[in-house]
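Residue numbers (the working numbering): 9 to 427.
Even for Gly, the Cβ is constructed at its ideal location relative to N, Cα and C.
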């Protein structure tokens, strides 16, 4: 009071304005954000609180889908999208009642396209919340040639829910990226270049930084060989991959903002077949990169190794010659909800006992990592034969983060200053 007692009204106003600007500068610096970024939003991690799990209905994988909805709806919410062109809600409700699904935790949302497409992880909405707590959506291009109409899915959803959305020229699949929700994204070079052949890695990186507000990009080289494209030729000898070309969610996932789960081949499995050595070499290459990587704040990650799922060698025929091919088996293709971790199971009665042991080892490993969640296992081999898994048929809806009153005041002050 003594300092400002002799000042004129104009001088006092200037000092107050200076103090306000200094405080705003300090707050922005502490948050490590620039004024241009203060209103941008970073997608939350899948381990963060969720409002719902999105699933898109198709009869093709009905048994697996029903089991997944049944387990999640016991304790968490499910949003089921159904194509009005092919399905009626009253029929779906009958199916769910027969499966003893808790309908109180299931909401059905219609859309209208020609075909069904269960792989919502790759084309579904990426929902973020700005500093005012308002929901926004990021829309990438969907690469799947046979389902180009699903580039319209997000537009229909955004229109129905009245959500503003931003478009990107980038082709991107949800299974091809991992985000820690704090500014770090993990990508696979081979996959991103395959679906964006006209862009450099630098251009791809810029797109992710601009549209998902990522500060830090970690590039891995390759995915697991089971996920190689079939028409790219054999991985080794006459064994072909049968995947979609190196989706990240088949071998590497965030458990929290500082913890990365990475698959690992059991040394004892290397003697089973030379193919296991190829899997091992690719995973260890990724491990070396991740071990040296840092997060958005310059801190190292905690890396936890989890078992590589049993590899299935199935017989086929190509150009008149007998071959083997490998469905994309993986424990890392799991689903996180608020209360559950749903991971694939591979053992069936009559299978070799080492498969049962692998499942138990994986379940124990996940329970150790996700102590506050219940671990549930569902056999998803049918999805693996189509190049995907449980994670691929779900999309998480993050819970709205309500901004603090202090943050809102600062945002409003910045807007007034810019205005």
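Residue span of the beta strand (DSSP E) that contains residue i, given as start and end
i	result
residue 291	Run containing residue 291: none in the beta strand (DSSP E); it sits in the alpha helix (DSSP H), 282-300.
residue 115	114-119
Delimiting residues of the alpha helix (DSSP H) encompassing residue i
i	result
residue 8	What is shown of the chain runs 9 to 427, which leaves residue 8 out entirely.
residue 374	361-377
residue 389	389-392
residue 82	70-83
residue 159	Looking at the DSSP string, residue 159 is not in any alpha helix (DSSP H), and its letter there is neither H nor E.
residue 218	209-220
residue 305	Neither: residue 305 is in no alpha helix (DSSP H) and is coded neither H nor E.
residue 130	128-131
6 angstroms CB neighbourhood of residue i in its chain, flanking five on each side removed
i	result
residue 324	331, 333
residue 38	Per-residue confidence for residue 38 stands at a pLDDT of 37, beneath the threshold of 50, marking its modelled position as unreliable; the derived number appears in the next sentence. So the list is empty, once near-sequence residues are dropped.
residue 446	No answer is possible for residue 446: the residues shown for the chain start at 9 and end at 427.
residue 173	145, 147, 166
residue 30	Its pLDDT being 43, under 50, residue 30 is placed unreliably in this model, and the value from its coordinates should be taken loosely. Hits under 6 angstroms: none found.
residue 238	248, 250
Paired residues, beta bridge with residue i - DSSP
i	result
residue 137	143
residue 60	405
residue 227	195
residue 350	343, 384
residue 272	315
residue 334	249
residue 91	119
residue 357	None; residue 357 has no bridge partner.
residue 174	146
Beta-carbon proximity list for residue i, same chain, < 7 angstroms, skipping 5 on both sides
i	result
residue 155	123, 125
residue 56	189, 406
residue 341	257, 258, 352, 397, 398, 399, 400
residue 244	282, 283, 286
residue 86	60, 61, 63, 77, 80, 113, 114
Residue i versus the options, residue with shortest Cα-Cα distance
i	options	result
residue 203	181, 191, 216	181
residue 366	277, 87, 245	277
residue 251	264, 271, 230, 269	230
residue 383	348, 262, 282, 62	348
residue 255	234, 274, 283, 218	234
residue 343	336, 319, 378	378
residue 248	164, 336, 269	336
residue 176	372, 151, 302	151
residue 232	106, 273, 217, 225	273
residue 380	61, 368, 345	345
residue 100	211, 73, 214, 82	73
residue 391	62, 50, 71	71
residue 363	170, 301, 339	339
residue 109	84, 117, 95, 94	84
residue 329	211, 246, 168, 209	246
Nearest-angstrom beta carbon gap, residue j and residue i [assumed within contact, 8 angstroms]
i	j	result
residue 402	residue 354	Contact doesn't hold; Cβ gap of about 19 angstroms is too wide.
residue 119	residue 111	In fact, because the Cβ distance is near 20 angstroms, the residues do not count as touching under 8 angstroms.
Beta-carbon contacts of residue i that lie in its chain and below 8 angstroms, excluding the five residues immediately before and after
i	result
residue 157	121, 122, 123
residue 408	59, 137, 141, 143
residue 117	87, 88, 89, 90, 165, 168
residue 45	Legend: pLDDT at residue 45 = 37, less than 50; position of this residue unreliable, value from coordinates given subsequently. Only 221 meet the Cβ criterion.
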